[in-house]
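Student:
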Amino acid sequence: MSAAADKQFWFVVGSQHLYGEEALAEVKAHAQTMTDALNNSGLLPYPLVLQDLAVSADKITSIMKEVNYRDEVAGVITWMHTFSPAKMWIRGTKLLQKPLLHLATQYNESIPWATIDMDFMNLNQAAHGDREYGFINARLQKQNKIVVGYWERQEVQQQIADWMDVAVAYNESFNIKVARFGDNMRNVGVTDGDKVEAQIQFGWTVDYYGIGDLVQYVNAVTEQEIDDLMAQYAELYVFEYGENSKEAWEASVRIQASYEIAIKRFLDEKGYNAFTTNFEDLHGMKQLPGLAVQRLMAQGYGFAGEGDWKTAALDRLLKVMSRNQNTGFMEDYTYEMAAGQEAILQSHMLEVDPTLASSQPRIIVSPLGIGDRKDPARLVFDGKAGEGVVVSMADFGTHYKLLINEVSAFEPTVPAPKLPVARVLWTVKPNFQDGVKAWIENGGGHHTVVSLNLTTDQIVTYAKLVNLEYVVIK
Ligand code: MN
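Going by our numbering, the sequence shown opens with residue 1, and the numbers climb by one from there.
#1: Any heavy atom of the ligand MN closer than 7 Å to the Cβ of Gly305?
#2: Please classify Pro417 as buried or exposed, where buried requires at least 16 other C-beta atoms within 10 Å of its C-beta.
#3: Roughly how many angstroms separate the alpha carbons of Val238 and Met349, rounded to a whole number?
#4: With respect to the beta strand (DSSP E) encompassing Ser451, which residues constitute its N-terminal and C-terminal limits?
#5: Could you tell me the boundaries of the beta strand (DSSP E) in which Lys401 lies?
#6: Can you tell me which of the three DSSP states Tyr479 falls into?
#7: Can you list, in chain order, the residues of its chain with a C-beta nearer than 6 Å to that of His17? Leave out the 5 residues immediately preceding and following it.
#8: Note down the Cα distance separating Asp117 from Leu123, rounded to an integer number of angstroms.
#9: What's the call for Met337, buried or exposed, on a 16-neighbour Cβ count within 10 Å?
#10: Check this for me: beta carbons of Leu314 and Val206, under 8 Å apart or not?
#11: On a Cα-Cα basis, can you pick out the residue from Met164, Leu53, Phe279, Lys98 that is closest to Lys65?
#12: For the alpha helix (DSSP H) that contains Gln154, what are its first and last residues?
#13: Name the residue from Ile473, Lys474, Val466, Val472 whose alpha carbon lies nearest to the alpha carbon of Glu197.
#14: Measure the Cβ-Cβ separation of Gln299 and Arg378 and say whether it is below 8 Å.
#15: Ala394 and Val190: beta carbons closer than 8 Å?
#16: Under 6 Å Cβ to Cβ from Trp309, same chain only, skipping five residues before and after it: list those, please.
#17: Mind checking whether the beta-carbon of Glu331 lies closer than 7 Å to any heavy atom of the ligand MN?
#18: Within the present structure, is the beta-carbon of Glu30 separated from the nearest heavy atom of the ligand MN by less than 7 Å?
#19: Would you check if there are 3 or more beta carbon pairs closer than 8 Å linking the segment 40-49 to the segment 156-171?
#20: Quick one: which unbroken beta strand (DSSP E) runs of 3-plus residues sit fully inside the segment 199-266? Chain order, please.
#21: When you compare only the Cα positions, how much space is there between Glu240 and Ser252?
#22: Throw me the rounded Cβ distance for the Arg146 and His102 pair, which I believe falls under 8 Å.
#23: Report yes or no: do three or more beta-carbon pairs, one from the segment 400-411 and one from the segment 440-460, lie closer than 8 Å?
#24: Given a threshold of 16 other Cβ atoms within 10 Å of its Cβ, counted over all protein chains shown, does Lys319 qualify as buried or as exposed?
#25: Please classify Ala274: does DSSP put it in a helix, a strand, or coil?
#26: Ordered along the chain, which non-local residues of its own chain (more than five positions away) have a Cβ less than 7 Å from that of Leu419?
#27: Give the DSSP-derived three-state secondary structure of Trp10 in the structure shown.
#28: Below 8 Å between beta carbons: does that hold for His81 and Gly14?
#29: With burial defined as no fewer than 16 other Cβ atoms inside 10 Å of the residue's Cβ, what is the status of Gly212: buried or exposed?
#30: Distance check for Gly42 and Ser322, CA to CA, integer angstroms please.
#31: Please confirm whether any heavy atom of the ligand MN lies closer than 7 Å to the CB of His447.
#32: Give the C-beta separation of Tyr301 and Ala274 to the nearest angstrom, bearing in mind that I take them to be a contact with Cβ-Cβ under 8 Å.
#33: Which one of Asn144, Gln125, Trp204, His128 has the shortest CA to CA distance from Lys94?
#34: Since Asn324 contacts Leu452 with CB under 8 Å, what's their CB separation in whole angstroms?
Here it is as structure tokens:
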């Protein structure tokens, strides 16, 4: 997740020269107080940096050009302290290529009836300025976020924080690079799509590698490197030998350790931050990468199985947006249909994201049940409880479409001693019948990304920024 670590946001405060230099000095002082308070709130994930007052078209245009040019600036927050004529904003706003948040707030919380005069009105007229400025953003179809409320309030600051995460993810979307180890799973429809269009619309680079390219990296991993990684596993996970001998178990896990080292090295050397595998395409490999993939998911790499590069890229995107908390690749597996207990069991053949684990994962070695490779090692755990969103992207031929369903995850209470994979359970909104029906009716995939940290509003904010059709089921 280091890519997002150095980002910042610029705070641009609108005014004009009409009210004199004394008024502008006061605007500037208010803006500095607000900037400091927001930065000290402890809620914003990235710093806010106050810029020169936006008092002319030339100044605004120059700020916005600078925002575009600087990689560390992820977006702009504007506040109309006074009345800032919107024609001044047209050129700069049109040029701005990064997310924009219009903070509709004002310096004073209440109207001071005992002292209010025309000087005060002229200086504190956010309500007036908001409408002038909002008009031009609407007319330019800027798809900017609008947050309304008093700036000292936590719920307002939280909305700014949530948007910052989306803005950073939007910027990072253009840096998402997916390495596909093998092609898509044969015959599967929903995991396929137009890679050129994905690059045009979302900025995603999607490259194919024959599995032999990865096997070379696997073969180059040393025993010492594997020993070191096994020591890390021993600190983090429960070793569960099950019906295997200790030696057979260790031999299997060591293969996954070599895959983790090899895949990470391959991705890092070539600049990829997401990848896919395909259990049908493993020539030269002894196991399907399972534990190895889960370890890389936990480190923030995007992933999806069966060559599903769309979901791998979406996984990386939402991991950046959530700062890799409780967010990962998922697959709808099995319904619970008992009346009043309806739910969906989520899992994958191996690769369930450990950021969703509610307890210390166990490493187990067990047959895969499909494919023709050796028994792979994987992390097994139960998923956390929490409110969240499940998201899927599908290619409809003429356009991409995003499906968002709000879900309530809960911890399973009944043990499943024979289930050799991690499990996550959730109910869908508004209810099982309507939620599942809407998902199927809209053509949502079985591969998804779930996040117990992100909100529907955040996903929709991103979708609007990239002109992506979306359906919300809630
Ligand atoms: Mn799958």
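C-beta atoms are modelled at their ideal positions from N, C-alpha and C, and glycine is treated no differently. Predicted, not measured: the structure shown is a model, and the values here were computed from it.
Tutor: Taking the geometry as given:
#1: Working through the sequence shown from its first residue, we reach residue 305 at position 305. Yes, the ligand MN has a heavy atom inside 7 Å of this Cβ.
#2: The residue labelled residue 417 in the question sits at position 417 within the sequence shown. By the 10 Å Cβ count, Pro417 comes out exposed.
#3: Position 238 of the sequence shown, counting from 1, holds the residue named residue 238. Position 349 of the sequence shown, counting from 1, holds the residue named residue 349. Put simply, the backbone Cα of Val238 is about 20 Å away from that of Met349.
#4: Translated into the one-based positions of the sequence shown, residue 451 becomes position 451. For Ser451, the uninterrupted beta strand (DSSP E) segment begins and ends at 447-451.
#5: Translated into positions along the sequence shown, residue 401 becomes position 401. Counting along the chain, the beta strand (DSSP E) containing Lys401 begins and ends at 400-410.
#6: Residue 479 is absent from the model: the chain starts at 1 and stops at 474.
#7: Indexing the sequence shown from 1 puts residue 17 at position 17. The residues are Val55.
#8: Translated into the one-based positions of the sequence shown, residue 117 becomes position 117. Translated into the one-based positions of the sequence shown, residue 123 becomes position 123. Looking at the two C-alpha atoms, the distance is approximately 10 Å.
#9: Position 337 of the sequence shown, counted from the start, is the residue given in the question as residue 337. Exposed, since its Cβ has fewer than 16 Cβ neighbours within 10 Å.
#10: Indexing the sequence shown from 1 puts residue 314 at position 314. Indexing the sequence shown from 1 puts residue 206 at position 206. No, Cβ-Cβ distance for Leu314 and Val206 is not below 8 Å.
#11: Taking the first residue of the sequence shown as position 1, residue 65 is located at position 65. Of the listed residues, the one whose Cα sits closest to Lys65 is Lys98.
#12: Walking along the sequence shown from the start, residue 154 turns up at place 154. 154-173 is the span of the alpha helix (DSSP H), which, as asked, contains Gln154.
#13: By one-based count along the sequence shown, residue 197 stands at place 197. Closest by alpha carbon: Val466.
#14: In the sequence shown, counting from the first residue as 1, residue 299 sits at position 299. In the sequence shown, counting from the first residue as 1, residue 378 sits at position 378. No, the pair does not count as a contact, with Cβ atoms beyond the cut-off.
#15: Here the question's residue 394 lines up with position 394 in the sequence shown. Here the question's residue 190 lines up with position 190 in the sequence shown. It is a contact, given that the beta carbons lie within the stated cut-off.
#16: Numbered from 1 along the sequence shown, position 309 holds the residue referred to as residue 309. Val178, Arg180, Val206, Thr276.
#17: Working through the sequence shown from its first residue, we reach residue 331 at position 331. Between the ligand MN and the CB of Glu331, the shortest heavy atom gap is smaller than 7 Å.
#18: Against the sequence shown, residue 30 aligns to sequence position 30. Per the sequence shown, residue 30 should be read as His rather than Glu. The ligand MN never approaches His30 closely enough for any of its heavy atoms to be under 7 Å from the residue's Cβ.
#19: They touch, by the three-pair rule.
#20: Runs found: 205-209.
#21: Sequence index remark: in the sequence shown, residue 240 carries index 240 (1-based). Sequence index remark: in the sequence shown, residue 252 carries index 252 (1-based). Cα-Cα distance, rounded: 12 Å.
#22: Indexing the sequence shown from 1 puts residue 146 at position 146. Indexing the sequence shown from 1 puts residue 102 at position 102. It is worth fixing the name first, because residue 146 is Ile in this sequence and not Arg. About 5 Å separates the two Cβ atoms, so the contact holds.
#23: Touching, yes, given that three or more Cβ pairs across the two stretches are closer than 8 Å.
#24: Working through the sequence shown from its first residue, we reach residue 319 at position 319. Its Cβ being crowded by 16 or more others within 10 Å, Lys319 is buried.
#25: In the sequence shown, the residue the question calls residue 274 occupies position 274. Strand, per DSSP.
#26: For this step, residue 419 is matched to residue 419 along the sequence shown. For Leu419, same chain residues with a beta-carbon under 7 Å away, outside a window of 5 residues either side, do not exist.
#27: The residue labelled residue 10 in the question sits at position 10 within the sequence shown. In the structure shown, Trp10 sits in a strand (DSSP, three-state: E or B).
#28: For the purposes of this step, residue 81 is taken as the residue at position 81 of the sequence shown. For the purposes of this step, residue 14 is taken as the residue at position 14 of the sequence shown. Yes; because the gap between Cβ atoms is below 8 Å, this pair is in contact.
#29: Numbered from its first residue, the sequence shown carries residue 212 at position 212. Flag for Gly212 reads exposed.
#30: Indexing the sequence shown from 1 puts residue 322 at position 322. Indexing the sequence shown from 1 puts residue 42 at position 42. Approximately 17 Å, taken between the alpha carbons.
#31: In the sequence shown, counting from the first residue as 1, residue 447 sits at position 447. At least one heavy atom of the ligand MN is found less than 7 Å from the C-beta of His447.
#32: If you number the sequence shown from 1, residue 301 lands on position 301. If you number the sequence shown from 1, residue 274 lands on position 274. About 6 Å separates the two Cβ atoms, so the contact holds.
#33: To locate residue 94, count along the sequence shown from 1; it is residue 94. Nearest C-alpha to Lys94: Asn144.
#34: Translated into positions along the sequence shown, residue 324 becomes position 324. Translated into positions along the sequence shown, residue 452 becomes position 452. No, Asn324 and Leu452 are not in contact; Cβ-Cβ is about 12 Å, not under 8 Å.
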